[in-house]
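Read through the structure below, which is laid out as structure tokens, and then see the notes.
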Amino acid sequence: MNPIVLSIMISSLGLGTILTFIGSHWLLVWMGLEINTLAIIPLMIRQHHPRAVEASTKYFITQATASALLLFASIMNAWTSGEWGLTEMINPTSATLATIALALKIGLAPLHFWLPEVLQGLDLTTGLILSTWQKLAPFAILLQLYPSLNSNLLIFLGILSTMVGGWGGLNQTQLRKILAYSSIAHLGWMISILHYSHNLTQLNLILYIIMTSTTFLLFKTFNSTKINSISSSSSKSPLLSIIALLTLLSLGGLPPLSGFMPKWLILQELTKQNLTIPATIMAMMTLLSLFFYLRLCYATTLTMTPNSINMSTSWRTKLSHNLTLTTAASLSILLLPITPAILMLMS
């Protein structure tokens, strides 16, 4: 892609997200979401591959549907209340429609079917943008609307997403599909606690973005898109394979890694709200997610594939001083001991 066009697309991505962050009027927020959607489609389709074209088409159709539903919800609310302000969501029907529209935008179950297929058709760099940056704008809206949203609907979407994210990733061999189901499960944790503690949702979102970015960057360094191709990473770069092991275990939520922190705090808050049954279901569904993370850990560090691999072979990965990967990996692994400081900053 032409560097000028690429810079325009990336600038538009940033502009759309910032518009949604700063907007207090429904039309301005909607416009930011549309700019965000239209800016990423050229990045998705730049490979000129049938899978990329299919992924871009699916993404455009689902995002257009969600945007239309969100616009309809905002117009209905303005019609009944006379207010276009983002936080003036008085009509409960409009609040429910807005929740469903934003759930479709970010890929919450049961509106998740587009996410694994779209992510599978993209390269790892665009998949990283789709899995991290594209979640920011919808969550900015949800974090402003949370007092007027239906808590039972949010809990239902959260539990269903953790179940789908756990079950869906079990039988996958493609790394991008596994990361898509991982994303669905993490989004379920974020949305379930939104009504009771929006600070925990923000914390979980930040840590999810850090851990997912680290995982995508590691897979991009290994040049791997399938489980059997990641098996050679331990011989190519033993240090990076150990970092990948710790990052995947952190995504699974094992102590004493950073990923344990949000799950621990969310389960604690749900128990305080007398929601012990949803908390128990979500904790058990995490074990399913942990299973496919452990599969990846096993493939990354403990196996050596005997057959030929369809990838560029090199005995050693060229070690570049990648500050982004180093910082993200450190944050993905080492944040749990400073949990009290983070809680103090959030309060």
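In UniProt numbering, the protein residues as written are 1 to 347. All C-beta atoms in this analysis are idealised placements derived from N, C-alpha and C, irrespective of residue type, glycine included.
Beta-bridge analysis with DSSP links Q174 to K226. Here Y298 is exposed. Its C-beta has fewer than 16 other C-beta atoms within 10 Å.
In the three-state reduction of the DSSP assignment, G188 falls in the helix class. Fewer than three beta-carbon pairs drawn from the stretch 49-56 and the stretch 19-37 are found closer than 8 Å, and the two stretches are therefore not classed as touching.
Around the beta carbon of A109, 16 or more other beta carbons sit within 10 angstroms, so the residue counts as buried. Here the alpha carbons of P340 and I45 stand approximately 44 Å from one another. S67 counts as buried, since at least 16 other C-beta atoms from the protein chains shown sit within 10 angstroms of its C-beta. Pairing L160 with M1, the inter-Cα distance amounts to about 39 Å. In this structure, Q174 lies near T225, with their beta-carbon atoms less than 8 Å apart. Annotated three-state conformation of G166 is helix, per DSSP. In the structure shown, the three-state DSSP call for G32 is helix. Taking T215 as the centre and dropping the five residues before and after it, the same chain places the C-beta of T247 closer than 6 Å to its C-beta, in chain order.
When DSSP reads this structure, G85 sits in a beta bridge with H25. Using a Cβ-Cβ distance cut-off of 8 Å, the stretch 116-134 and the stretch 250-258 are not in contact, since fewer than three pairs of beta carbons, one from each stretch, lie closer than that value.
When the alpha-carbon of A279 is set against those of L153, F60, S192 and A98, the nearest one is in S192.
Under the criterion of beta carbons closer than 8 Å, T20 and A140 qualify as touching, at roughly 5 Å. Per the C-alpha coordinates, the member of F260, N322, L325 and L290 positioned closest to I338 is F260. Taking C-beta atoms as the reference points, Y181 and P116 count as a pair closer than 8 Å.
The criterion of a C-beta distance shorter than 8 Å is not satisfied by A244 and S229. Ranked by Cα distance from T326, the first of L239, T286 and L149 is L239.
With 16 or more other CB atoms across the displayed protein chains lying within 10 angstroms of its CB, F222 is buried. Judged by beta-carbon spacing, S332 lies within the 8 Å limit of I210, meaning their Cβ atoms are closer than that value. Excluding its 5 nearest sequence neighbours in each direction, N199 has C-beta neighbours in its own chain below 7 Å: M346, listed in chain order. The alpha-carbon separation between L265 and M190 amounts to approximately 11 Å.
Annotated as proximal: S56 and I41, with beta-carbon spacing under 8 Å. Shown here, P238 sits in a helix according to DSSP, grouped into three states.
The criterion of a C-beta distance shorter than 8 Å is not satisfied by P256 and L145. Counted as a single uninterrupted DSSP element, the stretch harbouring S231 is not any alpha helix (DSSP H), since DSSP gives it neither H nor E. Under a 10 Å Cβ-count criterion, I227 is classified as buried, with 16 or more other Cβ atoms of the shown protein chains found around its own Cβ.
Looking at S94, S231, W79 and T212, the one whose alpha-carbon comes closest to that of S258 is T212. I206 has its alpha-carbon roughly 22 Å from the corresponding atom of M285. The alpha carbon of L187 has as its nearest neighbour, out of L15, V29, A64 and S289, the alpha carbon of S289. Cβ atoms of Y59 and V118 come within 8 Å of each other, at about 5 Å. Beyond the five residues adjoining it in sequence on each side, T65 comes within less than 7 Å, by CB distance, of L104 in the same chain, given in chain order. For L27, the number of other beta carbons within 10 angstroms of its own is below 16, and it is reported as exposed.
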